[in-house]
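A quick write-up on the structure given underneath.
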Amino acid sequence: MEKPKISIVMPTYNVEKYFRKCIESVINQTLKEIEIIPVDDGSPDSCGKIMDEYAEKDKRIKPIHKENGGYGSAVNLGIEKATGEYIAILETDDWVEPNAYELLYNEAKRNDTDMTKCMFYIYNSFYKHKSVKPYDNNFFSFIDAPKEVFTLKEYPQILYKHASVWAAIYKSSFIKEIKFIEKFSYQDVPFLAEVLCKANRISFLKKYLIQYRIEENQNSSSLITNKNLLKMPENCIITREILKRYGFFERLIKEAFYLQVYYGNYNFYNRIQLKYKSQYLKLLKELFEDIKNDKEFKYLYFDREQKKFVENILKTPRFIILFRLYFKAFKKAIINSYDDGIYRRTKIFGFINITTKPARLQINTLYHRLDYLERLNKILYKKLKKIEFNIKTKD
1 MEKPKISIVM PTYNVEKYFR KCIESVINQT LKEIEIIPVD DGSPDSCGKI MDEYAEKDKR
61 IKPIHKENGG YGSAVNLGIE KATGEYIAIL ETDDWVEPNA YELLYNEAKR NDTDMTKCMF
121 YIYNSFYKHK SVKPYDNNFF SFIDAPKEVF TLKEYPQILY KHASVWAAIY KSSFIKEIKF
181 IEKFSYQDVP FLAEVLCKAN RISFLKKYLI QYRIEENQNS SSLITNKNLL KMPENCIITR
241 EILKRYGFFE RLIKEAFYLQ VYYGNYNFYN RIQLKYKSQY LKLLKELFED IKNDKEFKYL
301 YFDREQKKFV ENILKTPRFI ILFRLYFKAF KKAIINSYDD GIYRRTKIFG FINITTKPAR
361 LQINTLYHRL DYLERLNKIL YKKLKKIEFN IKTKD
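Numbering (full-length UniProt numbering) for the sequence shown: 1 to 395.
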């Protein structure tokens with residue numbers, strides 16, 4: 001067999017309910033020159049037997065069986081054994097579109113990239129009516145880089161986007177030099193930070209190619225537990241140290257990192273059980289002490305309210321009530337501020353003021369460059385006609 005074009009590494013733990021659907025979506029790819037590497041991470045269910053069953057029928061499948069060591073160790077071993085020109089990571093409760101890897105491979109070859117990312121769908125079965133929807137209506141998901149091929153310095157906003165390391169392919173010679181932190185929660189965030197720091201060429205394919213499952217599977221390798229969530233502040237510190245180590249903690253990138261810290265930790269705070277919330281806030285306070293001690297902090301493009309947010313968390317956990325109100329107002333403003341015939345004036349996190357009418361948009365007091373550019377992009381995607389801009393900057 002010639003060298004595979006893509007090796008697909010599939011970390012597997014307790015997902016027998018979904019495993020067949022996942023591996024069959026890979027087997028049936030339009031790109032046939034692939035290597036399929038399911039890694040049985042000591043799964044106590046029948047996943048190991050199922051992958052062996054498929055391997056007997058398809059020589060492209062090369063199962064690996066190991067003792068349980070966690071998601072990071074499974075991915076690291078799979079990448080180490082991979083022989084393909086490019087490498088993909090696929091979580092085995094998800095699945096891929098039939099032409100996913102062909103499109104990603106062609107895009108990566110055309111642009112000679114270290115990493116090529118794509119868009120993905122969310123498959124949600126929490127509710128009675130299952131839903132499959134694009135994940136592009138979220139402020140923290142859509143990538144709209146200024147160039148077809150870019151770097152972290154050219155598009156620092158990518159730092160606070162959804163990590164989705166499984167919605168990408170990586171040049172093999174590039175990714176084999178980067179390791180997941182083993183036995184650590186949410187390893188994908190520091191892993192992606194190192195990828196972004198080292199990548200000289202990144203591209204984004206605006207096609208929905210991955211089906212990302214959100215399901216209450218209590219046994220999967222990606223299980224969200226209170227213990228895992230309590231690791232998030234430490235995760236942020238590790239990510240920051242990676243950025244510093246590679247000399248990427250300059251102003252705009254620092255700004256993007258702090259955005260991830262703010263919004264990401266708010267999201268995880270909401271998901272943790274009540275009895276663990278005070279412990280989480282204590283850990284978050286330690287992280288924010290480091291942020292406040294940053295000599296450049298006061299010079300960043302943050303307004304008074306953002307800085308007050310940091311100060312409040314250092315004083316009392318009651319700040320979270322106010323923060324929740326801000327977050328709800330932010331979502332409501334984005335959803336409702338474009339209704340026909342309705343004037344709305346909303347202050348969004350103290351970054352910008354927006355007044356809208358069907359044919360007129362005014363943005364005053366620009367504080368935050370990265371946030372402004374992203375939000376302006378979302379506005380332009382709305383079907384507004386004859387938009388008039390009146391923009392006043394803080395500078």
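Each residue gets a CB set at the ideal place from its N, CA and C atoms; glycine is no exception. Only a predicted model underlies this, so the values are computations on that prediction, with no experimental measurement involved.
query	result
Return the bridge partner residues of residue 93 from the DSSP annotation.	Its beta-bridge partners do not exist; DSSP assigns none.
Under 7 angstroms Cβ to Cβ from residue 188, same chain only, skipping five residues before and after it: list those, please.	163 and 165
Figure out for me which residue from 80, 112, 104 and 72 has the closest Cα to the Cα of residue 169.	104
In this structure, how does DSSP classify residue 245 when only helix, strand and coil are distinguished?	helix
Quick one: measure Cβ to Cβ for residue 27 and residue 8, integer angstroms, because I've assumed they're closer than 8 angstroms.	Actually they are not in contact, since the Cβ atoms of residue 27 and residue 8 sit about 10 angstroms apart, beyond 8 angstroms.
Rounding to the nearest angstrom, what Cα-Cα distance links residue 82 and residue 282 in this structure?	42 angstroms
So for residue 151, helix, strand or coil by DSSP?	coil
Counting C-beta neighbours from all protein chains within 10 Å, is the total for residue 245 16 or more, i.e. buried, or is it exposed?	exposed
Taking one C-beta from the stretch 78 to 95 and one from the stretch 52 to 59 each time, how about it: are there three or more such pairs within less than 8 angstroms?	no
Taking just the CA atoms, how far does residue 21 sit from residue 5?	22 angstroms
Go through the UniProt domain "Glycosyltransferase 2-like" (7 to 131) residue by residue and report every complete run of the alpha helix (DSSP H) that reaches 4 residues or more, in order.	16 to 27, 47 to 57, 71 to 81 and 100 to 111
With a threshold of 8 angstroms, are at least 3 pairs of Cβ atoms found where one atom belongs to the stretch 194 to 214 and the other to the stretch 107 to 122?	yes
Could you give the distance in angstroms between the alpha-carbon of residue 209 and the alpha-carbon of residue 101?	8 angstroms
With DSSP collapsed to three states, give me the class of residue 164.	coil
State buried or exposed for residue 274, treating a residue as buried only when at least 16 other CB atoms are found within 10 Å of its CB.	exposed
By Cβ distance, which residues of its chain are closer than 6 angstroms to residue 234, with the 5 residues on each side in sequence left out?	none
Round the Cβ separation of residue 107 and residue 205 to the nearest angstrom and send it over; I've been treating them as touching at under 8 angstroms.	5 angstroms
Compare the C-alpha of residue 15 against each of 65, 58, 91 and 69 and name the closest.	91
Using CA atoms only, rank isn't needed, just tell me which of 287, 211 and 212 is closest to residue 241.	287
With distances taken between CB atoms, is the gap from residue 214 to residue 71 smaller than 8 angstroms?	no
Short check: CB of residue 74 to CB of residue 39, under 8 angstroms?	yes
How is residue 238 classed by DSSP in three states: helix, strand or coil?	helix
With DSSP run on the structure shown, which of helix, strand or coil describes residue 202?	strand
Does residue 181 come out as helix, strand or coil in the three-state DSSP assignment?	coil
Whose CA, out of 243, 152, 29 and 69, lies closest to the CA of residue 99?	29
Helix, strand or coil, according to DSSP, for residue 214 in the structure here?	strand
By DSSP, does residue 282 sit in helix, in strand, or in coil?	helix
Using the three-state DSSP reduction, which class does residue 275 fall into: helix, strand or coil?	helix
Assuming residue 421 and residue 84 make a contact with CB atoms under 8 angstroms, what is their CB distance in whole Å?	What the structure shows of the chain is the stretch from 1 to 395, and residue 421 is not part of that stretch, so it cannot be assessed.
Taking Cβ positions, are residue 42 and residue 17 nearer each other than 8 angstroms?	no
Would you report the Cα separation of residue 94 and residue 167, rounded to the nearest angstrom?	11 angstroms
Using the C-alpha atoms, what's the distance from residue 12 back to residue 237?	28 angstroms
Tell me the rounded alpha-carbon separation between residue 10 and residue 46.	15 angstroms
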